[in-house]
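Note sheet for the following structure.
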Amino acid sequence: MSTHGKNVLIIGEKSSQVRTFCETLLPAIKTKKVGKRIYTRSGPWKGNNLTFLPLSGHITTVDTKKGYGWGETAPINIVQDPKALIIKENYEFRKIIRELATKSEELWLATDPDSEGDNIAYEAYKIAIRANPILRVNTRRVWNSSLTSVEILRAFNQLANWSVNQALAVQGRRMVDAWVGFAGTREVTIAARKVRNERGLVLSVGRVQLPTLKLIVDKDIERTEFLVQEKYNILADLLDESRKQILVSVQHDKSPFTNENDVQTILDKLKKSTLGKISSFQQKQTKIPPPRPMNTTDAIALLSRQLKLKADNALEILATLYEQGYISYPRTENRQFKSNFPHNEILTNLQSHPPYKPFFQQIKTMTQVRTNGRKQGTEDHDPIHPTGEIPSIGGKITPLHLKSWTFIARWYIGMFMEDLIQQRGTVRLAIKEEPFSQKYQSTESLGWTEAMNWRRPRETPSFSFEAGQIVQVRNIRSEAFKTKPPARWSDATLIKRLEKLKIGTKSSRPDVIKKLELRQYIVRKGNSYESTNTGKTIITVFNAIWPDLVTPKFTRQVEIRMDEVASETCSYDMMLETIRSEYLFLHQKLLSQIENLQDQLKEAFSDLGSSTYKKRKSHFSTKQRKSKTENASYPCPACNSGNLRERTNSRTGEKFFGCSRYPACSFTSSRNIYKKKG
DNA sequence: GCAAGGTC
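The first sequence: position 446 = 1915 (our numbering), numbered continuously.
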C-alpha cells in the first residue's frame, strides 16, 4: 500500500501472541498462508508495512553430525570432537523466513521477553541475516511484557536494541544438555543392552531427569530406612456438671510419649483423680486472607490433587482450555497481577453465571486481588485466570475440562472475597499437677472458602471454660499409635518441589516426570511415584561418578556460566569449552565404571523378572518394527535424506505421512497419496 | 532412537 514506508518483518513466538499484536496495532489485517498451518499477517502501521510471522517456539534442534549417529561412533566422541554437535534448522520455517527476509528492510524480534525467547528470536535472526545481510544492522527487539493494548503499544513504540548475549547463553545450555544427554544416554543404554538384549530399551541421562529421579529414589530410601515406632498419647475426658456429657477430650502436654514406662507412671499417679483445675482458657479470632494468584505450578498441583490427574495431563487440559478461549495463557511463572489489570470485566462476566452469583455478595472491590504474589524474572504473561467466558461441554471440552475450569474460576473469584474468619480456643488445665490441654477451631465466616470449597478448614467442636474453674475428669487413658514414614511424592508435591529447587521449567517439568515413567525408572502407584531398581541403580552409579549431576548443583553451575555469557564476562566459546572438557573428564570416569554399572543393572533387571516389564516392552518393539518396515521404502520428496513414516495427528487422530527427519524437515502428506497399491 | 526447552 504505502510505497514510501519500509517493509518490516516481525518474528513472534506463537500464533496467539501475533494475533493479539495485529489486532491491537493494525487497522486492517491481511492474512496469508505461507506454509502448512503457518500464516503471516500484515498491514500498515505508522507509515510502514508490517508483516508478522508467528513461529511455534524453537525452530532448530541440536543433533549429532553425520557419522556420529547411534552405533556409528563411540558415545564419548560426541564430546571429544567439539564439532560433533550441529544445529538443524526447521526446513519449512527456514524457507519462509528466507523469502520474507529478502523482501524486508527491517527485522523486529517480538518473541517472549525472556532468555528462551531471545534464543528463539536468534534462530530466526540467523536465517534472516544470511538471506539479507542488510538486516544485521536493522534488527530491533520488541520487549513486550503483557498482551494488553497499552503495553503492546508501548513496546512497539519503544523498540529496544537487539543483543545476542542472552540468546548465546541459552544456546550454550542447549549444547551442554545435548552433550550430557546424548553421550550419557547412549553409553548407559549400550551398557544396559549388553545385560538385557532388548530393542527399544533406552536408559536416559539428563541434567533435569537425574535430580528429579534422585528426589524419588531418596524418598524411597528414607521410607525403607524409616523405623516404625510405637508412641503414646495420654488423654482424659472433661465432663459437664451433671457428669453425663463429655465436653472435650484433653491431651497430656508431653504427648506423644516414646517410653511406655513413663506413660504407666503418669497413669498410676492419676488413677484415682476425678478433678482438674483450669489454668487458662484463651480465645481469639483469626483471619485468613485468600490465596495469591496462581501460576503453572499452582494450577497443575491443584488439578492433579483434586482430580487425581498426572501432571502432564493437567497441563494438557490447561492448554485446551486456553486454546478454546476459557482461560489465559497457562505457561507462566508469574504470581502477580499488575495494578491496572482489567479484573472488573472478567468478574462481571463470571457474576452472570448463576452458581457464582452468591460469591459476589462478599466482594467489595472488583479491581484488585486481595493478596498479590510475586513476579518472577522477566515474565510476560499474567497469572492464570479465567477469561470470563463460561465453557460448555462439547467439542474439545469434556466434563473433565469443565470441572478443571471451575477450580480455576473459583480460585480467581476467591481472591477478591472476604477473609476466612475462625474462632480458635485453647484450654489448659492441671490434673494433680500433670499439664493437659486442648485446642479447637470453628468457622465464623467462610469467606473465600465459600468459592474455594476444597480449602475449607476442618471443624472441631468448640468449648468454653474459665480460669480457676474445677472440672470433672473421667477416663484417663493412653492411646498407642505407630509413627508413619514420610509420604511418597505425588504429582502435586513433586512439581512444587521442582519449582522450589529451580529444576526444569514450568512447561518441561510434567514432561520430565512422564519421561522417567517411560524409562521405567519410576512407577506410579495410586497417586504417587515409587522408584524401580533400575532407577535406584542409575542414581547410585552416577552419584559415585558425578554427584553434582544427580543434585541441582550442576544446573546451578550451568546457570552461573549462562549469566557470565549474558553479561559478557565470559565468551560463548569459553563457556562451551569449559563445560565440554569438564564433562569429557566425567564421561571417562563413567567408562571406567561401565562394568560395575553393567553388574548393577543386571541385578536390577533380574529383580524385575519377566512379568509386566517384558510384556510391555516386547509389545512396544514389535509395533515399532512393523511401522518401520511398512514405511521405510518412501524417501522424503522435500529433503531427500529422510524417509516417510506413518504418523498420527494427536489432535484429530488422523493418520498422515511425515518425514523421519522431523523437526529438521517438516514435510507431511495425507495418507492416501503414498499408500501402497493393492 | 538420545536432552531440555519452546509450542500445536
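Using N, Cα and C, we set each Cβ at its ideal position, and we do this for glycine too.
What number of angstroms, rounded off, separates the C-alpha of residue 2060 from the C-alpha of residue 1686?
Position 591 of the first sequence, counted from the first residue, corresponds to residue 2060. Position 217 of the first sequence, counted from the first residue, corresponds to residue 1686. When rounded, the distance between both Cα atoms is 24 Å.
Can you tell me the Cα-Cα spacing of residue 1755 and residue 1830, whole angstroms?
By one-based count along the first sequence, residue 1755 stands at place 286. By one-based count along the first sequence, residue 1830 stands at place 361. Cα to Cα, residue 1755 sits roughly 21 Å from residue 1830.
Secondary structure at residue 1696, three-state DSSP: helix, strand or coil?
Working through the first sequence from its first residue, we reach residue 1696 at position 227. The answer is coil: DSSP assigns residue 1696 none of H, G, I, E or B.
Could you tell me which residues DSSP pairs with residue 1893 in its beta bridges?
Indexing the first sequence from 1 puts residue 1893 at position 424. Per DSSP, 1753, 1910.
Chain-order list of residues whose beta-carbon lies under 7 Å from that of residue 1870 (same chain, five-residue window excluded):
Taking the first residue of the first sequence as 1, we reach residue 1870 at position 401. Excluding sequence neighbours, residue 1870 sits near 1786, 1789, 1790, 1860.
With burial defined as no fewer than 16 other Cβ atoms inside 10 Å of the residue's Cβ, what is the status of residue 1592: buried or exposed?
The residue you call residue 1592 lines up with position 123 of the first sequence. By the neighbour-count rule (16 or more Cβ atoms within 10 Å), residue 1592 is buried.
Closest by C-alpha distance to residue 1549, when choosing among 2067, 2070, 2056:
The residue given as residue 1549 occupies position 80 in the first sequence. For residue 1549, the nearest C-alpha among the options comes from 2056.
Residue 1800 vs residue 1975 beta-carbon contact at 7 Å:
In the first sequence, the residue the question calls residue 1800 occupies position 331. In the first sequence, the residue the question calls residue 1975 occupies position 506. Taking 7 Å as the Cβ cut-off, residue 1800 and residue 1975 qualify as a contacting pair.
Whether or not the stretch 1538-1547 and the stretch 1655-1662 are in contact is what I'm after, with contact meaning three or more pairs of Cβ atoms, one per stretch, closer than 8 Å; do they touch?
yes
In whole angstroms, what separates the C-alpha of residue 1572 from that of residue 1478?
As a working mapping, residue 1572 is identified with position 103 in the first sequence. As a working mapping, residue 1478 is identified with position 9 in the first sequence. About 9 Å.
So, with DSSP's three-state summary, where would you put residue 1990?
For this step, residue 1990 is matched to residue 521 along the first sequence. It is coil, neither helix nor strand.
Can you tell me the Cβ-Cβ gap for residue 2014 and residue 2058, rounded? I've got them flagged as a contact below 8 Å.
Position 545 of the first sequence holds residue 2014. Position 589 of the first sequence holds residue 2058. Right, their Cβ atoms sit about 5 Å apart.
Selection from 1839, 1793, 1854 that minimises the alpha carbon distance to residue 1803:
For this step, residue 1803 is matched to residue 334 along the first sequence. The shortest Cα separation from residue 1803 among 1839, 1793, 1854 belongs to 1854.
Would you identify the three-state DSSP class for residue 1511, choosing helix, strand or coil?
Here residue 1511 corresponds to residue number 42 of the first sequence, with the count starting at 1. Correct three-state label for residue 1511: strand.
Hey, quick one: how far does the beta strand (DSSP E) through residue 1521 stretch, first residue to last?
As a working note, residue 1521 is residue 52 in the first sequence. Note, residue 1521: beta strand (DSSP E), 1517-1523.
Once DSSP output is grouped into helix, strand and coil, what is the label at residue 1854?
As a working note, residue 1854 is residue 385 in the first sequence. If DSSP states are grouped into helix, strand and coil, residue 1854 belongs with coil.
Nearest candidate by alpha-carbon position, reference residue 1798, set 1784, 1807, 1811:
Walking along the first sequence from the start, residue 1798 turns up at place 329. Nearest option by C-alpha distance: 1784.
Unbroken beta strand (DSSP E) run spanning residue 1595, endpoints:
Translated into positions along the first sequence, residue 1595 becomes position 126. Here residue 1595 belongs to no beta strand (DSSP E); instead the alpha helix (DSSP H) covers 1584-1600.
Do you know how far the Cα of residue 1984 is from the Cα of residue 2023?
Residue mapping note: residue 2023 aligns to position 554 of the first sequence, counting from 1. Residue mapping note: residue 1984 aligns to position 515 of the first sequence, counting from 1. Cα to Cα, the separation comes out at about 20 Å.
What do you reckon, are the CB atoms on residue 1752 and residue 1981 nearer than 7 Å?
Translated into positions along the first sequence, residue 1752 becomes position 283. Translated into positions along the first sequence, residue 1981 becomes position 512. Not a contact, by the Cβ cut-off of 7 Å.
Count the other CB atoms within 10 Å of the CB of residue 2128; is the residue buried (16 or more) or exposed (fewer)?
Numbered from its first residue, the first sequence carries residue 2128 at position 659. Legend: pLDDT at residue 2128 = 47, less than 50; position of this residue unreliable, value from coordinates given subsequently. Buried is the call here.
Kindly indicate the opening and closing residues of the beta strand (DSSP E) around residue 1499.
Residue numbering aside, residue 1499 sits at position 30 when the first sequence is read from its first letter. Element bounds for residue 1499: 1499-1504.
I'd like the list of long-range same chain contacts for residue 1726, defined as Cβ closer than 6 Å, with 5 residues on each side in sequence excluded.
As a first step, residue 1726 must be located in the first sequence, where it is residue number 257. Result list for residue 1726: 1701, 1732, in chain order.
In terms of residue numbering, what span does the beta strand (DSSP E) encompassing residue 1473 cover?
Taking the first sequence and counting its residues from 1, one reaches residue 1473 at position 4. For residue 1473, no beta strand (DSSP E) encloses it, and the DSSP letter there is neither H nor E.
Please classify residue 1583 as buried or exposed, where buried requires at least 16 neighbouring CB atoms within 10 angstroms.
Translated into the one-based positions of the first sequence, residue 1583 becomes position 114. The residue is buried, with at least 16 neighbouring Cβ atoms inside 10 Å.
Determine the DSSP secondary structure at residue 1791, reduced to helix, strand or coil.
Start at 1 with the first residue of the first sequence, and residue 1791 comes out as number 322. Looking at residue 1791 - three-state DSSP - the assignment turns out to be helix.
Segment limits, alpha helix (DSSP H) that includes residue 1865:
Taking the first residue of the first sequence as 1, we reach residue 1865 at position 396. Careful: residue 1865 lies outside any alpha helix (DSSP H) and carries neither H nor E.
State the DSSP-derived secondary structure class of residue 1621, mapped to helix, strand or coil.
Within the first sequence, residue 1621 is the residue found at index 152, counting from 1. When DSSP states are grouped into helix, strand and coil, residue 1621 belongs to the helix group.
Where DSSP assigns a beta bridge to residue 1904, which residues make up the other side?
Against the first sequence, residue 1904 aligns to sequence position 435. 1899.
Buried or exposed (CB count within 10 angstroms, at least 16 for buried), residue 1867
Within the first sequence, the letter at position 398 stands for residue 1867. By the neighbour-count rule (16 or more Cβ atoms within 10 Å), residue 1867 is not buried but exposed.
Within 10 angstroms of its Cβ, does residue 1988 collect 16 or more other Cβ (buried), or is it exposed?
Residue mapping note: residue 1988 aligns to position 519 of the first sequence, counting from 1. Buried, because 16 or more other Cβ atoms sit within 10 Å of the Cβ of residue 1988.
With a Cβ-Cβ cutoff of 7 Å, do residue 1480 and residue 1522 count as a contact?
As a position in the first sequence, residue 1480 is number 11, starting the count at 1. As a position in the first sequence, residue 1522 is number 53, starting the count at 1. Yes, these two residues count as a Cβ contact at 7 Å.
Name the residue from 1838, 1934, 2000 whose alpha carbon lies nearest to the alpha carbon of residue 1888.
Locating residue 1888 in the first sequence gives position 419, counting from the first residue. Comparing alpha-carbon positions, the option among 1838, 1934, 2000 lying closest to residue 1888 turns out to be 1838.
Residue 1545, enclosing beta strand (DSSP E) - first and last residue
Within the first sequence, the letter at position 76 stands for residue 1545. It is not in any beta strand (DSSP E) - residue 1545 instead sits in the alpha helix (DSSP H) that spans 1545-1549.
If you follow the beta strand (DSSP E) that residue 1717 is in, where does it begin and where does it stop?
For this step, residue 1717 is matched to residue 248 along the first sequence. 1715-1721 is the span of the beta strand (DSSP E), which, as asked, contains residue 1717.
Where DSSP assigns a beta bridge to residue 1702, which residues make up the other side?
Looking up residue 1702 in the first sequence gives position 233. Bridge partners of residue 1702: 1948.
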